[in-house]
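**Student:** Just passing along the structure, written as structure tokens.
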Amino acid sequence: MSDHILEMRHITKEFPGVKALDDVSLEVRRGEIHALVGENGAGKSTLMNVLSGIYPYGSYEGEIIYNGKPCHFQKIRDSEKAGIVIIHQELALVPYLSIAENMFLGNERGSSVNINWNETYAKADELLDVVGLRESSHTLIKDLGIGKQQMVEIAKALSKNVQLLILDEPTASLNEGDSMKLLNLLKEFKKQGVTSIIISHKLNEIAYVADQITIIRDGAVIETLDMAEQAVDESRIIRGMVGRELTSRFPQRESRVQDEVVLEVEHWSVQHALYSDLTVVDDVSFKLKKGEVVGIAGLMGAGRTEFAMSIFGKSYGNDIRGTLKLHGKEVVLNNERDAIKHGLAYVTEDRKGNGLILSNPIRVNTTLARLDKVSHHHVLDLDLEYKVACQMKEKLGVKSPTVEQDVGNLSGGNQQKVLLAKWMFAEPDIMILDEPTRGIDVGAKYEIYCIINDLVAAGKSVIMISSEMPEVLGMCDRIYVMSQGQIVGEMDAKSATQERIMSSILSVNKGA
Amino acid sequence: MSSKNAILWEKTKAFLLKNTMVIALVVVYLFFVIRSEGRMFLPQNINNLIMQNSYVVILAVGMLLCILTGGNIDLSVGATVCLVGAIAGVLMVNLGWNIYLVMIICLLAGVAIGVWQGFWIAYVRIPPFIVTLAGMLLFRGLAQAILGGTTISGFSDAYLSIFNNYVTIPLLDSGAVKYSSIIFGVICCAIFIVATVWTNLSKKRKGYVTEKPASLYSRIVLLCAIVMLLMYKLSLYKGVPYILLWLIGIVAIYTYITAKTTFGRHFYALGGNEKATKLSGINTNRIYFSAYVNVSFLSALAALVVSARFTSANPAAGTNYELDAIGSCFIGGASAYGGIGKVSGVVVGAVLMGVLNLGMNIIGVDSNFQKVVKGLVLLVAVIFDVVSKRRAVKSFT
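Written out as structure tokens, the structure is:
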């Protein structure tokens, strides 16, 4: 009979159209480091958001027993009061405030009308010492590297008297030295009785720190492995993560690949848009043939989106180096307009954020990238626009009464189709689809796969970026695997398996 | 039966929501007509309504394009009006240059001001609020320096007549009733009816969705009735003022640009989602730039109108004009977040502001209290926009 600090029982969480968590139970022993692993979208972060009250009590089914008592957290504040602190992958620090100010943000020392700055800075220095960060607490966050910022987040968690620390991919953006430091810190906390839950894709790190590993797949717990009871190696974990049968979720397709190389990228490197010392795409070489669907597999943050956008008229990144050849001729695309003129289209992964204009109707969204096709001397032919919008709507099967419907009122799947319609209307030769099926239901996914097959049948070429490995395997002719900004594997779809992809992703992380 | 009633209620609600400001305008106008015992409805006051508020319409149309780009405003339009007016005064009156040459110089000065502000806003990405706040001080200061703190008056009649005169046709308009005004109204209505019916027919021919005949014809009848009433009233005074022709021209041009050109479409797209617009291959910097060049150009035009109306260039001209223009846009349904707003709505907004100004003057509201009323009206209009938008956003997710 072991002492459980946390038991989550039969948690089910649904989003419109998607069951993100299905009857998930999780038990965490007091004073252990518990790892959660699974593919992107498996439900790890959702589970942690349920725990920390980001999804309030009542918006999910099931119960949470913490320290032996059932908990009904309404907001993050509630869970923090109970000693549960979550540190998200994207750090939530204010760049132009000092370390100490950030650490006690919303939790200020002294009274609310009279902040005790002496106590604030003294306490902050103390906590920085605990996490082993040698910086003055007066230093501004913007002057710290990402690794040190992560440490500040942990110190901030400590300031809240943390009992259960949750870290969502804490080492994703850290180098090896910083990662090691962080993991050792967690082990140190363990000795002092702090329990940690760590979400990570770096299996070697998990093997290093974790006492128990819970594997989640498709919103359900597959198994929990106890490191003390059995020797667990990485391939054992990988099998648990991907062990899913490929079913006929994909339309029949035959290869349409022709010999002509339409796009060739050589030694392509891109620096991060904000932190120019960070290389997000590192010496990538890439080929795409006419009529081919090439997949880029990898995990989130691997640099795939950055790579695609930097090709599409340098719409992302700094200091872009390398050569880009279209149909064998070297070109320089300086902006999005150039890229569109040269027959490129980039269908973004973030359809609401930078794909569609939600407050405008389908008609306006459809033609936006190629207004010249529905205008003469810059004067719009609204009747023609209406007609082509109707045609595209029919062609892609967008479910909406008219094309005058605002895109914001459509479902995710239909929005995605409008976004595809917009870029198909642009008549590109090469279409880059970034996570084209994210957040849409199975039926709509199938329809989008059919559209992709139609595109290559019409002689277009498609680059498909996807974090869903079955989709990459089911839809592509050839697959590149990207990890940490580099191409770490290239394989023919016929010979590729999920295990092969996963192990080439993880092979880069080995050294850490 | 009850479901039929529910549908009817939904339709009424949609209609009311869509035409809130038009209804508000009618209510406010009737209120002033009653309170002023009909004086608000006198031909002379209807004429004044047009003459006094012409600058608001011109500025508001320019402001609309700025607001469309994402709720950005131009605080410097009042100062620009003052500066360009001062330039006109010095060149025309003091130096006696040719009036047409000076008018062109004035418009170019407006463009230059726009280029100055647009450059910082669009290409250096300084927040518009800061750039135009600086412009507000800068241009008014320059204007006062040019004028030396004094008022220049004595514009030539040739100049004043361009904006201040009335359409007069010999023989026809020699009597007490200016028949040219009624003829003008008939022509306007005829053009409107033919154009509306013709587009509707062509839509039907091509098999597109058309407006229901009932709503189409009632709209035509209503608008024509308003136009004819207006023209009838004007015919009892001095006829059609030239400035009305200017306004019709400007409104027509900008309605066309915003509704029917790719250029206009870019403004709506930019305000709706800047990143998506940029990824669609549209040069977003140039849109910002042109919005501010355009608003300064229209400010220069408004400066000519204003200097002619006051027959002088004075250092206080244009004070608080930016607020009238911004207010008209938001009252007229432009979104405080950008991407939404029509020229026709802005005209309604400007007329509502004008009716408020004129009506409160006629019934003798204290001028301090007038500001209170206008401030509240502006706030209520934006609250209305934001709250209804929030509800809409909720239904998105």
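Which chain is which? The protein sequence lines are G and R, in order. For the first sequence, our numbering begins at 1 and goes up steadily by one. For the second sequence, our numbering begins at 1001 and goes up steadily by one. We put the CB at the ideal spot given by N, CA and C, even for glycine.
1) Give me the Cβ distance between residue 8 of chain G and residue 51 of chain G, rounded to the nearest whole Å; I'm assuming they're in contact under 8 Å.
2) Measuring CA to CA, which of G:319, G:335 and G:342 is closest to residue 328 of chain G?
3) Hey, out of R:1235, R:1295, R:1061 and R:1289, whose CA is closest to residue 1045 of chain R's CA?
4) Closer than 7 Å, CB to CB, is residue 96 of chain G near chain R or not?
5) Among residues of its own chain, excluding the 5 on either side of residue 371 of chain G, which ones have a beta-carbon nearer than 8 Å to its beta-carbon?
6) Please identify, using Cβ separations under 7 Å, the residues of the region 1243-1276 of chain R that lie next to chain G, in order along the chain.
7) So is residue 304 of chain G buried or exposed if we call it buried at 16+ other beta carbons inside 10 Å?
8) Helix, strand or coil: how does DSSP classify residue 1126 of chain R here?
9) When you compare the CB positions of residue 1341 of chain R and residue 1068 of chain R, do they come within less than 7 Å of one another, or not?
10) Would you call residue 1171 of chain R buried or exposed, if buried means 16 or more other Cβ atoms sit within 10 Å of its Cβ?
11) Less than 8 Å between the CB atoms is what I'm expecting for residue 356 of chain G and residue 396 of chain G, so what's the real figure, rounded?
12) Taking C-beta pairs closer than 7 Å, name the residues in chain R that residue 378 of chain G reaches, listed in chain order.
13) Are residue 516 of chain G and residue 479 of chain G touching if we call contact CB-CB under 7 Å?
14) Taking only the alpha-carbon atoms, compute the straight-line gap between residue 1403 of chain R and residue 394 of chain G and give it to the nearest angstrom.
15) Cutting at 8 Å between CB atoms, please list the residues of its own chain near residue 282 of chain G, excluding the five before and the five after it.
16) With DSSP as the reference, label residue 30 of chain G as helix, strand or coil.
17) Determine the direct distance from the alpha carbon of residue 1285 of chain R to that of residue 44 of chain G, and round the result to whole angstroms.
18) Answer yes if the region 1182-1198 of chain R comes into contact with the region 1342-1353 of chain R, meaning at least three C-beta pairs across the two stretches below 8 Å, and no otherwise.
19) Taking only runs that begin and end inside the region 1291-1377 of chain R, name each unbroken alpha helix (DSSP H) of 4 or more residues, in chain order.
20) State the Cα-Cα distance for the pair residue 1016 of chain R and residue 1330 of chain R, rounded to the nearest angstrom.
21) Does the beta carbon of residue 316 of chain G come closer than 7 Å to any beta carbon on chain R?
22) Using the C-alpha atoms, what's the distance from residue 178 of chain G back to residue 168 of chain G?
23) Going by the C-beta, is residue 110 of chain G closer than 6 Å to any heavy atom of the ligand NAP?
24) Pull up the CB-CB distance for residue 149 of chain G and residue 170 of chain G, whole angstroms please, since I reckon it's below 8 Å.
25) On the DSSP letters alone, give me the boundaries of the beta strand (DSSP E) that residue 1262 of chain R sits inside.
26) Since residue 356 of chain G meets chain R, which of its residues come closer than 8 Å, beta carbon to beta carbon?
27) Figure out for me which residue from R:1077, R:1024 and R:1034 has the closest Cα to the Cα of residue 1323 of chain R.
28) Counting only beta-carbon separations shorter than 7 Å, does residue 76 of chain G have a partner in chain R?
29) Tell me where the alpha helix (DSSP H) around residue 176 of chain G begins and ends.
30) Determine the direct distance from the alpha carbon of residue 296 of chain G to that of residue 505 of chain G, and round the result to whole angstroms.
31) Can you tell me the Cβ-Cβ gap for residue 1058 of chain R and residue 1301 of chain R, rounded? I've got them flagged as a contact below 8 Å.
32) Does the beta carbon of residue 49 of chain G come closer than 7 Å to any beta carbon on chain R?
33) Mind listing, in chain order, the continuous beta strand (DSSP E) runs of no fewer than 3 residues lying wholly within the region 25-91 of chain G?
34) Within 10 angstroms of its Cβ, does residue 496 of chain G collect 16 or more other Cβ (buried), or is it exposed?
35) What are the boundary residues of the beta strand (DSSP E) that residue 528 of chain G is part of?
36) Does any C-beta atom of chain A lie closer than 7 Å to the C-beta of residue 336 of chain G?
**Tutor:** With the structure as the only source:
1) 7 Å
2) G:342
3) R:1235
4) no
5) Excluding residues up to 5 positions away in sequence, 380 lie with their Cβ nearer than 8 Å to the Cβ of residue 371 of chain G in the same chain.
6) 1260, 1261, 1262, 1263, 1265, 1268, 1269, 1272, 1273, 1275 and 1276
7) buried
8) coil
9) yes
10) exposed
11) Wrong, their Cβ atoms sit about 14 Å apart, outside the cutoff.
12) Chain-ordered, the chain R residues with CB closer than 7 Å to the CB of residue 378 of chain G read 1261, 1262 and 1263.
13) The structure shown does not extend to residue 516 of chain G, since chain G spans only 1 to 512, so no value can be given for it.
14) This structure leaves residue 1403 of chain R out entirely; chain R is present only between 1001 and 1397.
15) 269, 303, 484, 485 and 486
16) DSSP places residue 30 of chain G in coil when its eight states are reduced to three.
17) 41 Å
18) no
19) 1321-1331 and 1343-1362
20) If I take the Cα positions, the gap works out to 17 Å.
21) Not flagged as an interface residue toward chain R: residue 316 of chain G, since no C-beta distance is shorter than 7 Å.
22) 16 Å
23) Absence of the ligand NAP from the depicted structure is noted, as is the absence of any ligand whatsoever, leaving it without description.
24) Residue 170 of chain G and residue 149 of chain G do not touch by the CB rule: their CB atoms are close to 11 Å apart, not below 8 Å.
25) Residue 1262 of chain R -> not in any beta strand (DSSP E); alpha helix (DSSP H) instead, spanning 1262-1272.
26) 1273 and 1276
27) R:1077
28) For residue 76 of chain G, no Cβ of chain R is located within less than 7 Å of the residue's own Cβ.
29) 176-191
30) 12 Å
31) 6 Å
32) no
33) 33-37, 61-66, 69-71 and 84-87
34) buried
35) In the structure displayed, chain G extends from 1 to 512; residue 528 of chain G sits before or after that span and is not available.
36) Absent from the structure: chain A. Protein chains present are G and R.
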